[in-house]
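Chemist:
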Amino acid sequence: MLVLKFGGTSVGSISNMVNVKNIINDGQKKIVVLSAMSGTTNALVVISEHLKLGNTTEALSQINALNEQYSKTVKELLHKPHLVEETNNYVTAIFNDLSAITKEFYTELVHNTIVAKGELLSTFIFSRYLVQEAINAQLLPALDFMRIDKNGEPDNFYIKQNLNRILKHTTPSDIYVTQGFISLDSEGDISNLKRGGSDYTATIIGAALKAEEVQIWTDIDGFHNNDPRCVENTKAISNLSFDESAELAYFGAKILHPQTVMPVRAFNIPVRLKNTMSPESYGTLITNKIHGEGIKAIAAKDAITAIKIKSERMLQAHGFLKTVFEIFERYETAIDMITTSEVAVSLTIDDDRNLEAITQALEKVAKVEVDRFMSIICLVGNSIIYHQDTPNLFQVLQDVNVRMISYGGSHNNISLLVNTSDKIETLKKLHRYVFEDSKEIAKLKADCVLS
Ligand code: ASP
Ligand code: MG
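For the sequence shown, the residue numbers in the working numbering are 478 to 928.
#1: Considering only the alpha carbon of each residue, which of Ser-892, Ile-571, Gly-760, Gln-837 lies closest to Ile-815?
#2: Helix, strand or coil for Tyr-653, going by three-state DSSP, please let me know.
#3: Any heavy atom of the ligand MG closer than 7 Å to the Cβ of Ser-675?
#4: Is the closest heavy atom of the ligand MG to the C-beta of Gly-484 under 7 Å?
#5: For the beta strand (DSSP E) that contains Gly-885, what are its first and last residues?
#6: For Asn-703, which three-state DSSP category applies?
#7: Which of the three DSSP states, helix, strand or coil, is assigned to Val-842?
#8: Is Ser-515 helix, strand or coil by DSSP?
#9: Any contact between the stretch 478 to 487 and the stretch 506 to 517? By contact I mean 3 or more CB pairs, one from each, below 8 Å.
#10: So is Pro-558 buried or exposed if we call it buried at 16+ other beta carbons inside 10 Å?
#11: Tell me where the beta strand (DSSP E) around Val-801 begins and ends.
#12: Using 10 angstroms around the beta-carbon of Pro-875, count the other beta-carbons present and answer buried if the total reaches 16, otherwise exposed.
#13: Measure the C-alpha to C-alpha separation of Lys-785 and Ala-777 and round it to an integer number of angstroms.
#14: May I have the straight-line CA-CA distance separating Phe-582 from Arg-880, to the nearest angstrom?
#15: Compute the distance between the beta-carbons of Thr-897 and Ile-854, then report whether it is under 8 Å.
#16: My output table needs one value for Ser-548: the three-state DSSP class, helix, strand or coil.
#17: What I want to know is whether the C-beta of His-908 ends up closer than 7 Å to one or more non-hydrogen atoms of the ligand MG.
#18: Could you round the C-beta distance between Asp-827 and Ala-780 to whole angstroms and report it? I think they count as a contact, below 8 Å.
#19: Could you tell me how far apart the beta carbons of Thr-680 and Thr-753 are, in whole angstroms, since I believe they sit closer than 8 Å?
#20: Are at least three pairs of beta-carbons, each pair with one atom in the stretch 661 to 673 and one in the stretch 703 to 720, less than 8 Å apart?
#21: Could you tell me whether the Cβ atoms of Ser-675 and Ser-512 are closer together than 8 Å?
#22: Cβ of Ala-952 within 7 Å of any heavy atom in the ligand ASP?
#23: Would you kindly check if the distance between the Cβ of Phe-603 and the Cβ of Met-494 is under 8 Å?
#24: DSSP state of Ser-928, grouped into three classes?
#25: Might you give, ordered along the chain, the residues of its own chain that have their beta carbon closer than 6 Å to the beta carbon of Pro-740, omitting 5 neighbours on each side?
#26: Are Asp-651 and Ile-612 touching if we call contact CB-CB under 8 Å?
#27: Quick check: what's the CA-CA separation for Leu-686 versus Phe-744?
#28: Taking the straight line between their C-alpha atoms, what separation do you get for Tyr-759 and Asp-866?
#29: Only counting runs of 4 or more residues, tell me where the alpha helix (DSSP H) segments fall wholly within the stretch 556 to 644, in order along the chain.
#30: By DSSP's criteria, Ala-821 is part of a beta bridge. Which residues make up the other side?
#31: Consider the Cβ of Thr-761: report whether some Cβ of chain D lies at a distance smaller than 8 Å.
#32: Below 7 Å CB to CB, which residues in the same chain sit around Phe-658 once its five sequence neighbours on both sides are set aside?
#33: What do you get for His-908, buried or exposed, if any count of 16 or more other CB atoms within 10 angstroms of its CB means buried?
#34: Only counting the same chain, and skipping five residues up and downstream in sequence, which positions put a Cβ closer than 6 Å to that of Leu-575?
#35: When DSSP labels each residue in this structure, what does Asn-541 get in the three-state scheme?
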């Protein structure tokens, strides 16, 4: 069995849906995981925000606008009368639900119910389209098997049992279409795997079924060696290890949800990133194999907050770091980077929801300085900390105000913290040095990057 996930752009227009149909219609048995059509989840979040603020009229007008957009899509995509009728009824029911929700008291469950509608719509419409095209396909509702536990982690046992049971008892099909992103929570209420979570759905399903391969189809031909939004002439990387891709996804490469490779890595199920708009491109293949040495990619993660905690009490004292970490633990806030000196420790967080409470607690034991609008720049590649070119990197960064450096935490990652206003310049400088100037690294590039 294969698992193929298609992102919002891939199902975001009629012509792209036709492309997806052509890609999946090859006779191989597969599960197709879909995101919402591009823009829909954002629109649903806006509707939810309006309701949170009590702007019911505005929410209703946005619901109507979205409804019109979907009616148009159905009209353009489907022509067989019974499928048109069935799909219109479904779309109407979804929008009636949304209108009804505007009268309810706003809770997190209301929010989760609203944002789930995007994937419910895209999968219903697309599966009806496959049926219209005489493809042996059926819809597999994700809420019949996807569940997360109290910590928001996938309940793998439940998922595996239920998915396998459903597949065993349903009429066999070539293609099973299901929703990415949405899930039940431990109480059985509707929830989700957080924004961008459809990638994660695909690998969770891949692991549950011990799939041959998980493919993530998006609108770019794989992981690039730098951020294409900031730097020109970036190139797709043909091979990455699970570790390298996990670092890149975590530290800002937007192509993949940060947790994507986790479920499949233990079973060594390959993850292939492919471009729906250019299916012939190789993309990126992520496996447990290590290809080449040295820096393969650079990525950046914005909206980072740096916290400097300074205390004379640190001097030759034990237990200080424990106190600091306990405060972050208490506010369930993950630390990304950390550096220490004799009297201070600097660390970064990207979730600043509890920043004020954390700062207040820290101020009881130390002096605290907070810097916002920082970016982590992450260099990734197998054994980069040992690579002969790596020390020269610091020459390249001479004029950049680097606030923190993390070197040696793992042998395939070096992270730098800079002001977000310096990010693009830093990415460009590093790109020039790593991928354009150095002969040594140019050789590496030839080995592991397809142009
Ligand atoms: N539709 C959801 C989002 O926009 C999930 C996904 O696309 O992966 O975040
Ligand atoms: Mg995505």
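Idealized CB from N, CA, C, for every residue including glycine.
Modeler: From the atom records:
#1: Within the sequence shown, residue 815 is the residue found at index 338, counting from 1. Minimum Cα distance to Ile-815 is reached at Ser-892.
#2: Sequence index remark: in the sequence shown, residue 653 carries index 176 (1-based). DSSP places Tyr-653 in strand when its eight states are reduced to three.
#3: For the purposes of this step, residue 675 is taken as residue 198 along the sequence shown, with counting starting at 1. Result yes, Cβ under 7 Å from the ligand MG.
#4: In the sequence shown, the residue the question calls residue 484 occupies position 7. Indeed, a heavy atom of the ligand MG lies less than 7 Å from the Cβ.
#5: Taking the first residue of the sequence shown as position 1, residue 885 is located at position 408. It spans 879 to 887 - the beta strand (DSSP E) in which Gly-885 sits, taken as one unbroken run.
#6: Start at 1 with the first residue of the sequence shown, and residue 703 comes out as number 226. DSSP places Asn-703 in coil when its eight states are reduced to three.
#7: Mapped onto the sequence shown, residue 842 falls at position 365. In the structure shown, Val-842 sits in coil (DSSP, three-state: anything other than H, G, I, E or B).
#8: Position 38 of the sequence shown, counting from 1, holds the residue named residue 515. The three-state reading of DSSP puts Ser-515 in coil, since its state is none of H, G, I, E or B.
#9: Yes, they touch.
#10: Along the sequence shown, read from residue 1 onward, the residue named residue 558 stands at position 81. Result: exposed.
#11: Along the sequence shown, one-based indexing puts residue 801 at 324. It is not in any beta strand (DSSP E) - Val-801 instead sits in the alpha helix (DSSP H) that spans 797 to 807.
#12: Locating residue 875 in the sequence shown gives position 398, where the first residue counts as 1. The sequence as given places Gln at residue 875; Pro does not occur at that position. So Gln-875 counts as exposed.
#13: Here residue 785 corresponds to residue number 308 of the sequence shown, with the count starting at 1. Here residue 777 corresponds to residue number 300 of the sequence shown, with the count starting at 1. If you take the alpha carbons of Lys-785 and Ala-777, they lie about 21 Å apart.
#14: As a first step, residue 582 is located in the sequence shown; it is residue number 105 there, counting from the start. As a first step, residue 880 is located in the sequence shown; it is residue number 403 there, counting from the start. For Phe-582 and Arg-880, the distance between alpha carbons rounds to 45 Å.
#15: Reading the sequence shown from its first residue, position 420 is the one you call residue 897. Reading the sequence shown from its first residue, position 377 is the one you call residue 854. Contact: no.
#16: Taking the sequence shown and counting its residues from 1, the one referred to as residue 548 is at position 71. In the structure shown, Ser-548 sits in a helix (DSSP, three-state: H, G or I).
#17: Indexing the sequence shown from 1 puts residue 908 at position 431. No, Cβ of His-908 sits at least 7 Å from all heavy atoms of the ligand MG.
#18: Sequence index remark: in the sequence shown, residue 827 carries index 350 (1-based). Sequence index remark: in the sequence shown, residue 780 carries index 303 (1-based). Asp-827 to Ala-780, Cβ: 6 Å. Contact.
#19: Numbered from 1 along the sequence shown, position 203 holds the residue referred to as residue 680. Numbered from 1 along the sequence shown, position 276 holds the residue referred to as residue 753. Going by Cβ atoms, the distance from Thr-680 to Thr-753 rounds to 18 Å, so no, they are not a contact pair.
#20: no
#21: Numbered from 1 along the sequence shown, position 198 holds the residue referred to as residue 675. Numbered from 1 along the sequence shown, position 35 holds the residue referred to as residue 512. Yes; because the gap between Cβ atoms is below 8 Å, this pair is in contact.
#22: No information on residue 952 is available, as it lies outside the stretch 478 to 928 that the chain covers here.
#23: In the sequence shown, residue 494 corresponds to position 17, counting from 1. In the sequence shown, residue 603 corresponds to position 126, counting from 1. In this structure, Phe-603 lies closer than 8 Å to Met-494 by Cβ.
#24: The residue labelled residue 928 in the question sits at position 451 within the sequence shown. Note that Ser-928 has pLDDT 42, beneath the 50 cutoff, so the model's placement of it is unreliable and the number below is only indicative. Coil, per DSSP.
#25: Counting from 1 along the sequence shown, the entry for residue 740 is found at position 263. Non-local beta-carbon contacts of Pro-740 in its own chain, meaning distances under 6 Å to residues more than five positions away in sequence, involve Thr-680, Ile-681, Ala-684 in chain order.
#26: For the purposes of this step, residue 651 is taken as the residue at position 174 of the sequence shown. For the purposes of this step, residue 612 is taken as the residue at position 135 of the sequence shown. Yes, these two residues count as a Cβ contact at 8 Å.
#27: Here residue 686 is taken as the residue at index 209 of the sequence shown, counted from 1. Here residue 744 is taken as the residue at index 267 of the sequence shown, counted from 1. Leu-686 and Phe-744: Cα-Cα distance of roughly 11 Å.
#28: As a working mapping, residue 759 is identified with position 282 in the sequence shown. As a working mapping, residue 866 is identified with position 389 in the sequence shown. The alpha-carbon atoms of Tyr-759 and Asp-866 are separated by roughly 28 Å.
#29: 558 to 578, 585 to 592, 594 to 609
#30: Against the sequence shown, residue 821 aligns to sequence position 344. Residue pairing by DSSP places Ala-821 opposite Lys-787 in a beta bridge.
#31: Among the chains of the structure shown, chain D does not appear; only one protein chain is present.
#32: Position 181 of the sequence shown holds residue 658. Cβ within range, chain order: Ser-512, Glu-596, Asn-669, Leu-670, Gly-674, Ser-675, Thr-678.
#33: Here the question's residue 908 lines up with position 431 in the sequence shown. Burial call: buried.
#34: Residue numbering aside, residue 575 sits at position 98 when the sequence shown is read from its first letter. Correct list, in chain order: Ile-540.
#35: Working through the sequence shown from its first residue, we reach residue 541 at position 64. The answer is helix: DSSP assigns Asn-541 an H, G or I state.
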